[in-house]
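What follows is a set of notes on a single structure, which appears directly below.
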Amino acid sequence: MERTYVSTNIQKVTFTNTGGYKNPKVDELFAAGRNDADPKARQADFTEVQKILVADMPQVWLLEMSFPNIYDKKLHNVIELSTGVHACFDDVFFAT
């Protein structure tokens with residue numbers, strides 16, 4: 013998510029901050045959250061980022077694409093990750 017909102021990544025290229033959003037506090041919080049070893053501090057940083065982004069509303073998502081996956085129920089260990097069909101299939105097997 014950071015790449016979409018930090019001002020150091022403003023470019024007219026896919027998967028960057030194409031909208032040109034600039035907020036020094038958001039930049040600071042993303043850096044802190046990325047570099048902080050303490051999970052509670054990281055959570056606090058990212059929670060604050062989320063609050064600012066909700067208030068500023070730099071992006072308005074018009075749709076979310078869904079990629080349904082259909083497979084035989086005998087096939088096991090399929091699509092266990094959020095990457096779906098782009099995940100590794102090295103432990104997938106058919107049960108007879």
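Residue numbers (our numbering): 13 to 108.
All C-beta atoms, glycine included, are put in the ideal place defined by N, C-alpha and C.
Beta bridge pairing from DSSP links HIS88 with PHE105.
Between TRP73 and THR108, the alpha-carbon positions lie close to 44 Å from each other. Below 8 Å, too few C-beta pairs join the stretch 14–32 and the stretch 50–58 to call them touching: fewer than three.
Cβ atoms of PHE42 and VAL25 stay farther apart than 8 Å, at about 19 Å.
DSSP, reduced to helix, strand and coil, places GLY45 within a helical segment of the structure shown.
In the structure shown, the three-state DSSP call for ILE22 is coil. Between PHE106 and LYS85 a beta carbon distance of about 10 Å is seen, past the 8 Å cut, so the two are scored as non-contacting. Here PHE58 carries a helix assignment [DSSP, helix/strand/coil].
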